[in-house]
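Here the structure is laid out as structure tokens; the discussion comes afterwards.
Residue numbers (full-length UniProt numbering): 1 to 126.
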């Protein structure tokens with residue numbers, strides 16, 4: 001809503017004709033509706049897939065939430081540890097945004113910084 005108000009003010013300041021103002025506002029509202037619709041549809045799909053697995057061509061489909069780019073970039077710094085965990089057959093899971101949780105030698109570990117990951121790597125894997 002704030003961006004629409006700013007856009008309306010900008011249009012008024014530029015002194016455009018009334019018809020052009022209305023057209024621009026309608027176009028902006030269409031774009032916002034499209035975004036809200038996409039988000040609503042995405043939310044519905046995620047909720048329904050939680051209740052009952054989705055099937056496509058007789059195969060079960062897993063629907064995952066999209067992880068933001070910044071979080072993916074932060075998690076990429078842990079790649080040295082996750083690769084080794086995969087190599088050793090250790091299951092791990094990501095906690096939001098960058099915590100890594102896994103069980104190693106019957107102990108549960110929660111790594112929440114790159115420094116801790118490096119310490120763990122040096123202590124157990126070298």
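Note that the Cβ used here is the ideal one computed from N, Cα and C, for glycine as well. From a predicted model like this one, the values you see are computed outputs, not experimental measurements.
Residue nearest to residue 78 within the set 65, 60, 64 and 93 is 93 (criterion: CA-CA distance).
By the Cβ-count criterion, residue 41 is exposed, with fewer than 16 other Cβ atoms from all chains shown falling within 10 Å of its own Cβ.
The alpha-carbon separation between residue 50 and residue 117 amounts to approximately 32 Å. Sequence-distant Cβ neighbours of residue 125 in its own chain, meaning closer than 6 Å and more than five residues away, are 84. Of all alpha-carbon atoms in 6, 80 and 97, the one lying nearest the alpha-carbon of residue 112 is that of 97. For residue 108, the uninterrupted beta strand (DSSP E) segment begins and ends at 107-111. Shortest Cα-Cα distance from residue 39 to any of 62, 66 and 82 involves 66. Per DSSP, residue 55 is one residue of the beta strand (DSSP E) stretching across 54-56.
DSSP lists 101 as the bridge partner or partners of residue 93.
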